[in-house]
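Engineer:
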Amino acid sequence: MVTFQERLAARKNARPFKDVQVLLDDHLQGERERLEAELAKLGNVSDKRLASKSPADEIQEQIDALYKDDNGLITLRFRRIPGNVWARLTSRNPARLDSPVDRQYGYNIDGVCEAAVRYVDADGAAYACVIDNGEEITLKVEEKTIHNQKPVDEWGDLLAGLTGTEVQDIRDAVWELNEYSTQKRIAELVKASGAATRS
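Residue numbers for the sequence shown, in numbering that gives the first Met the number 0: 0 to 198.
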């Protein structure tokens, strides 16, 4: 039987991650935005005939092709941050009153996720990075101080250069890692435990 200490050590060493791909090529990014706008206009309209592609399917194929070209395609990797840090970030970023999304989560989801991607622990380990030729590259983020009035913020520069959809993809990945996947797993285990108890 696995002890509590063994589980705790394994949990501390395991850092689940999710990868998100984004485009940094301006031409491709503009084309992607145009195609996504067309796709949004079409909504859920689909052709019900067998073996036929809907206009939405064709547009989605074009979007997928942009990713396959690898021109400007960047992979970002996000790891689950420590639970006490996530809790601190959610308490420091209260829900915006005018944001239905924030009211749903109970905190400023954008602020929390942006802070999470910048998080670096006391040992200098970053929980978000860029994958470049198979290597994890940490983006530089400096604090503004009296002596450093123009700090480098590569995460801020990157996020500002992405489309809204890409920023949402990042937000969704960070939230899923730090909140949803754990909630889902607990619910599954409780359900399985209840089923086993009733057997």
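The beta-carbon is built from N, C-alpha and C at its ideal position, and this holds for glycine as well.
Using only CA atoms, which one of Asn12, Ala186 and Thr164 lies nearest to isoleucine 62?
Structural biologist: It is Thr164 whose Cα lies nearest to the Cα of isoleucine 62.
Engineer: Determine which residues share a DSSP beta bridge with aspartate 168 and list them.
Structural biologist: According to DSSP, aspartate 168 bridges with nothing at all.
Engineer: If contact is defined by three or more beta carbon pairs under 8 Å, each pair taking one atom from either stretch, is the stretch 147-163 in contact with the stretch 91-99?
Structural biologist: With a cut-off of 8 Å, the stretch 147-163 and the stretch 91-99 do not count as touching, because too few Cβ pairs lie within range.
Engineer: Helix, strand or coil for aspartate 97? Go by DSSP, reduced to three states.
Structural biologist: Three-state result, aspartate 97: coil.
Engineer: How would you write the range of the alpha helix (DSSP H) that valine 116 sits in, first residue to last?
Structural biologist: From DSSP, the alpha helix (DSSP H) with valine 116 extends over 108-117.
Engineer: Which of helix, strand or coil does DSSP assign to leucine 7?
Structural biologist: DSSP places leucine 7 in helix when its eight states are reduced to three.
Engineer: Hey, quick one: how far does the alpha helix (DSSP H) through threonine 89 stretch, first residue to last?
Structural biologist: That run of the alpha helix (DSSP H) goes 82-91.
Engineer: Taking the CB atoms as reference points, tell me whether isoleucine 80 and tyrosine 126 lie closer together than 7 Å.
Structural biologist: Yes.
Engineer: Taking the alpha-carbon positions, what's the glycine 42 to asparagine 12 distance?
Structural biologist: If I take the Cα positions, the gap works out to 43 Å.
Engineer: Within 10 angstroms of the Cβ of glutamate 113, are there 16 or more other Cβ atoms? Answer buried if so, exposed if not.
Structural biologist: Label assigned to glutamate 113: buried.
Engineer: Got a sec, what are the start and stop residues for the alpha helix (DSSP H) alanine 159 sits in?
Structural biologist: Looking at the DSSP string, the run of the alpha helix (DSSP H) that includes alanine 159 is 153-159.
Engineer: According to DSSP, is serine 62 helix, strand or coil?
Structural biologist: Checking the sequence shown, residue 62 turns out to be isoleucine, not serine. In this structure, isoleucine 62 counts as helix in the three-state DSSP scheme.
Engineer: With distances taken between CB atoms, is the gap from glutamine 28 to leucine 22 smaller than 7 Å?
Structural biologist: Contact flag set, yes.
Engineer: In angstroms, rounded to a whole number, what distance separates the CA positions of isoleucine 130 and glutamate 60?
Structural biologist: Roughly 25 Å separates the two Cα atoms.
Engineer: From this set, Gln103, Lys149 and Ile145, which residue's C-alpha is nearest lysine 139's C-alpha?
Structural biologist: Per the Cα distances, Lys149.
Engineer: Taking buried to mean at least 16 other C-beta atoms within 10 Å of its own C-beta, is valine 116 buried or exposed?
Structural biologist: Looking at its Cβ environment, which holds 16 or more other Cβ atoms inside 10 Å, valine 116 is buried.
Engineer: Does DSSP put alanine 13 in a helix, in a strand, or in coil?
Structural biologist: In the structure shown, alanine 13 sits in coil (DSSP, three-state: anything other than H, G, I, E or B).
Engineer: What does isoleucine 185 pair with, by DSSP beta-bridge criteria?
Structural biologist: Note: isoleucine 185 sits in no beta bridge, so no partner.
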